[in-house]
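Colleague: Have a look at this one.
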Amino acid sequence: MELKGKIAVVTGVSKGIGLATVEALLEKGAKVAGWGRTKPDLEHQNFHFFECDVRHHESVQQAFDNTIATLGKPIQVLVNNAGLGIAGLLEDMSLDDWHTMFETNVNGIFYCTRLVVLGMKEMGEGHIINISSIAGTTGVAQMSGYCGTKHAVRGISHSLYKEVRDYGVKVTCIYPGSVNTSFFDNIDTVTVSDNMMRPQDIASTILHALESHPNYHQVDIEVRPLMPKGRKQK
3 MELKGKIAVV TGVSKGIGLA TVEALLEKGA KVAGWGRTKP DLEHQNFHFF
53 ECDVRHHESV QQAFDNTIAT LGKPIQVLVN NAGLGIAGLL EDMSLDDWHT
103 MFETNVNGIF YCTRLVVLGM KEMGEGHIIN ISSIAGTTGV AQMSGYCGTK
153 HAVRGISHSL YKEVRDYGVK VTCIYPGSVN TSFFDNIDTV TVSDNMMRPQ
203 DIASTILHAL ESHPNYHQVD IEVRPLMPKG RKQK
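This is how it looks when you write it as structure tokens:
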């Protein structure tokens, strides 16, 4: 897809992968609508922030309506990036924390995608990027809720691409390993380090998928840091 002039929506844009993706899309000349609870520290003539909490379908609908009113239509790119993880043993997990993860990581993808996919099918072009996690391919101790949500993202992505591929619409699910972001701020079992991937690395992967040939479809992309514990000494 040629990104110049295209309209792209990115969720969870305040920092980290979301912000890096917005910046990468802007460099390619796209018009970007950022949906999130917190406005990022970014000023650009082609960037428009719309306050949105993806846990609530009314909030997503309002952000969608405001995006169409401001940028026009159709929306050609959707990056479902908004997400969070809360650590804890399953039996210790509060109902609120469990629901917050599923409402954000799973329901949010449904609320956002359902609004853009029809327009993509009608114009015969579009690309939906869903950010899952390595946790969406395996189990992680004390992360059962988070793993459950990211497995759901994988299942949604695989089903959706089979529904829309014949209309020329792509769905790509990305599974990052550890990325140096604020995701781990409240997870005591992980120490953030420079050995993790950078948000810009994930953004570059997203661009690579978006800019691929119309008949070339990357369904799953798994990315990891090469040396998560640093370079081994001889």
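Terminal number for the sequence shown in the numbering used here: 236, no gaps in between.
All residues carry an ideal CB built from backbone N, CA and C; glycine is no exception.
None of the values given here were measured: they were computed from a predicted structure.
#1: Helix or strand or just coil, what does DSSP make of Lys172?
#2: To the nearest angstrom, how far is it from the Cα of Gly232 to the Cα of Ser206?
#3: Specify the secondary structure class of Thr115 as computed by DSSP and reduced to three states.
#4: Bridge partners of Pro178, per DSSP?
#5: Counting along the chain, where does the beta strand (DSSP E) carrying Glu53 start and finish?
#6: If you draw a straight line from the C-alpha of Glu95 to the C-alpha of Tyr218, how long is it?
#7: Give me the DSSP bridge partner(s) of Gly237.
#8: Between the stretch 94-110 and the stretch 70-77, do three or more beta carbon pairs fall short of 8 Å?
#9: Which parts of the stretch 79-158 are runs of the beta strand (DSSP E), unbroken and 3 residues or longer, counting only runs that do not cross its ends?
#10: Exposed or buried, which one is His129 when buried takes at least 16 other CB atoms within 10 Å?
#11: Out of Ser134, Tyr113 and Pro201, point me to the one whose CA is closest to Val62's CA.
#12: Give the straight-line distance between the Cα atoms of Glu127 and Leu91, rounded to the nearest whole angstrom.
#13: Using 8 Å as the threshold, is the C-beta distance between Gly36 and Val12 below it?
#14: Compare the Cα-Cα distances from Lys17 to each of Pro42, Gln64 and Val34 and report the closest residue.
#15: Am I right that Gly141 and Arg156 are in contact with their C-beta atoms under 8 Å? What's the rounded C-beta distance?
#16: By Cβ distance below 6 Å, which residues in the same chain neighbour Glu224 in space, the five residues on each side in sequence not counted?
#17: Keeping to the same chain, check which residues put their C-beta closer than 6 Å to that of Thr23; ignore five residues upstream and five downstream.
#18: Looking at the unbroken alpha helix (DSSP H) that takes in Val62, where does it start and where does it end?
#19: Tell me whether the stretch 43-53 and the stretch 163-172 touch, counting them as touching only if at least three CB pairs, one residue from each stretch, are closer than 8 Å.
#20: Quick one: Cα of Glu25 to Cα of Asp222, how far?
#21: Please classify Lys236 as buried or exposed, where buried requires at least 16 neighbouring CB atoms within 10 angstroms.
#22: Could you spell out the range, first to last residue, of the beta strand (DSSP E) harbouring Val12?
#23: Can you tell me whether DSSP reads Lys164 as helix, strand or coil?
Modeller: The relevant details are as follows:
#1: Three-state DSSP puts Lys172 in a strand.
#2: 22 Å
#3: helix
#4: Answer by DSSP bridge pairing, in chain order: Val225.
#5: Phe49 to Glu53
#6: Before going on, a small fix: residue 95 reads as Met here, not Glu. Cα to Cα, the separation comes out at about 42 Å.
#7: Not covered by the structure: residue 237. The range shown for the chain is 3 to 236.
#8: no
#9: 79-82 and 128-133
#10: Buried is the call here.
#11: Tyr113
#12: 43 Å
#13: Contact annotation: Gly36 and Val12 have beta-carbon atoms nearer than 8 Å.
#14: Considering only alpha carbons, the answer is Pro42.
#15: With a Cβ gap of about 13 Å, Gly141 and Arg156 do not count as contacting.
#16: Tyr177
#17: Val12, Val81, Ala205 and Ile208
#18: From DSSP, the alpha helix (DSSP H) with Val62 extends over His59 to Leu73.
#19: no
#20: 23 Å
#21: Exposed.
#22: Ile9 to Thr13
#23: helix
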